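Residue numbers (this note's numbering): 284 to 609.
Cβ coordinates follow ideal geometry from the N, Cα and C atoms, glycine included.
Predicted, not measured: the structure shown is a model, and the values here were computed from it.
Just below is one structure, and these are the notes that go with it.
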Amino acid sequence: MKRRIFLAASLATGLSLALNAHAATQWDLASAYPAFNFHTQNLEQFAKDVNAATQGQVKITVHSGASLFKMPEIKRAVQGGQAQAGEFFMVSFQNEWPLFGLDGLPFLAGNYEDAWKLYQAQRPALEKKLDQQNMKLLYAVAWPPQSIYSNKPINSVADLKGMKWRVYSPTTARIGELVGAQPVTIQEAELSQALATGVIEGLITSSATGADNKLYENLKYFTNVQAWIPKNAVVVNKRAFESLPKAEQDAVLKAAADAETRGWKNSRQVDADSIAKLKAGGMQIVEPSDQLRAGLAKVGDTVIQEWTAKAGDDGKKVLEIYRASR
Ligand code: PCA
Numbered sequence: 284m285k286r287r288i289f290l291a292a293s294l295a296t297g298l299s300l301a302l303n304a305h306a307a308t309q310w311d312l313a314s315a316y317p318a319f320n321f322h323t324q325n326l327e328q329f330a331k332d333v334n335a336a337t338q339g340q341v342k343i344t345v346h347s348g349a350s351l352f353k354m355p356e357i358k359r360a361v362q363g364g365q366a367q368a369g370e371f372f373m374v375s376f377q378n379e380w381p382l383f384g385l386d387g388l389p390f391l392a393g394n395y396e397d398a399w400k401l402y403q404a405q406r407p408a409l410e411k412k413l414d415q416q417n418m419k420l421l422y423a424v425a426w427p428p429q430s431i432y433s434n435k436p437i438n439s440v441a442d443l444k445g446m447k448w449r450v451y452s453p454t455t456a457r458i459g460e461l462v463g464a465q466p467v468t469i470q471e472a473e474l475s476q477a478l479a480t481g482v483i484e485g486l487i488t489s490s491a492t493g494a495d496n497k498l499y500e501n502l503k504y505f506t507n508v509q510a511w512i513p514k515n516a517v518v519v520n521k522r523a524f525e526s527l528p529k530a531e532q533d534a535v536l537k538a539a540a541d542a543e544t545r546g547w548k549n550s551r552q553v554d555a556d557s558i559a560k561l562k563a564g565g566m567q568i569v570e571p572s573d574q575l576r577a578g579l580a581k582v583g584d585t586v587i588q589e590w591t592a593k594a595g596d597d598g599k600k601v602l603e604i605y606r607a608s609r
């Protein structure tokens with residue numbers, strides 16, 4: 284009798300183990316940046332943390348380097364559930380909803396403290412928007428400040444005239460137009476090739492992206508204008524998230540909060556390290572002249588005015604919240 288009870292109990296345990304093993308969730312997470320980029324490394328750590336906190340019940344595979352979807356496709360892929368999770372560059376999606384472009388507006392928040400405040404102002408609206416699009420925001424992390432790379436010295440905005448200018452967002456395209464450059468949309472994954480083949484001659488991006496892509500092999504100047512601090516958002520398909528048991532949902536959210544804190548901290552360090560790498564690669568790091576600053580500020584004012592007109596009351600409200608928090 285005792286033996287039978289024991290047998291029944293061990294059968295039940297075996298069964299529940301089998302069920303547990305069967306229930307393990309597997310998510311594909313699409314990302315567009317190289318495996319060694321700091322955002323990608325942060326995603327890998329996030330995946331590890333989730334795995335550990337759920338005892339292997341939630342396994343996230345990070346597909347870096349645009350290997351699963353190209354950056355412009357990632358958001359829609361998560362929305363439609365073709366990938367359960369993904370990372371996308373928010374400002375690229377400004378045409379869809381102006382507030383995605385908030386952190387790409389020139390000289391609104393050019394340092395990390397302000398960028399964080401801007402994010403706090405943006406976040407509630409962002410979460411709501413993503414929720415309407417069938418996604419949940421896990422976290423968002425800042426790229427280092429955006430500065431200008433070129434072959435010739437940029438002393439004023441007039442020096443940008445006629446330049447084949449790589450753009451990644453409606454705002455970078457508009458800036459290109461306003462300074463008389465020729466905007467060309469290029470994804471980061473194609474950056475080195477576009478430079479090597481002369482499709483582009485200059486761009487605005489982070490120190491990190493310059494170092495990741497060895498831009499010093501083709502370009503000579505990094506003009507440190509620190510115009511804005513855009514963010515990557517990491518999202519999960521809402522249905523995929525909601526199908527997890529509550530304890531696993533909580534574990535994912537805890538790991539996401541940790542990833543956000545870690546990512547913002549790393550971003551600053553990566554900025555310093557990347558500028559050192561650019562220098563070591565032979566690039567000249569130049570502080571912007573007063574003339575360049577003034578010219579860019581004027582362009583920036585136009586861009587912000589145009590954005591505000593499009594963004595309507597929601598945009599105005601977020602800008603007010605941000606300005607009051609500074
Ligand atoms: N690097 C990415 C996005 C912003 C950045 O710093 C890029 O240039 O596409």
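> Between which two residues does the alpha helix (DSSP H) carrying residue 586 extend?
Replying inline: 573 to 608
> How would you label residue 570, buried or exposed, when you count the other beta carbons within 10 angstroms and need 16 or more for buried?
Replying inline: exposed
> How would you label residue 429, buried or exposed, when you count the other beta carbons within 10 angstroms and need 16 or more for buried?
Replying inline: buried
>> Please report the straight-line C-alpha distance between residue 318 and residue 577, rounded to a whole angstrom.
In response: 38 Å
>> I'd like to check one pair, residue 443 with residue 464: are the Cβ atoms closer than 8 Å?
In response: yes
> Can you name the start and end residues of the alpha helix (DSSP H) that residue 407 belongs to?
Replying inline: 395 to 415
> Is it true that the stretch 532 to 545 meets the stretch 468 to 485, where meeting means three or more beta-carbon pairs spaced less than 8 Å apart?
Replying inline: no
> Does any C-beta atom of chain D lie closer than 8 Å to the C-beta of residue 326?
Replying inline: The displayed structure is made up of one protein chain only, and chain D is not part of it.
> Which same chain residues, not among the five before or five after residue 404, have their C-beta less than 6 Å away from its C-beta?
Replying inline: 601, 604 and 605
>> Which of the three DSSP states is assigned to residue 518 in this structure?
In response: strand
> Taking DSSP as the reference, what is the three-state secondary structure of residue 570?
Replying inline: coil
> What number of angstroms, rounded off, separates the C-alpha of residue 422 from the C-alpha of residue 458?
Replying inline: 28 Å
> Does the stretch 307 to 318 come within contact of the stretch 339 to 359, defined as at least 3 CB pairs closer than 8 Å?
Replying inline: yes
> How is residue 498 classed by DSSP in three states: helix, strand or coil?
Replying inline: helix
>> Using CA atoms only, rank isn't needed, just tell me which of 309, 389 and 462 is closest to residue 367.
In response: 309
> Within this structure, are the beta carbons of residue 325 and residue 495 separated by less than 8 Å?
Replying inline: no
> Taking the C-alpha atoms as reference points, what is the distance between residue 514 and residue 461?
Replying inline: 24 Å
>> For the alpha helix (DSSP H) containing residue 349, name the first residue and the last one.
In response: Neither: residue 349 is in no alpha helix (DSSP H) and is coded neither H nor E.
> If we count Cβ pairs, one from each stretch, closer than 8 Å, do we get three or more for the stretch 370 to 378 versus the stretch 347 to 359?
Replying inline: yes
>> In the DSSP output, which residue or residues are listed as bridge partners for residue 418?
In response: 520
> Taking the continuous alpha helix (DSSP H) assigned at residue 435, which residues delimit it?
Replying inline: Residue 435 -> no alpha helix (DSSP H), and no H or E assigned at all.
> Looking only at DSSP bridge pairs, what is residue 368 linked to?
Replying inline: 312 and 519
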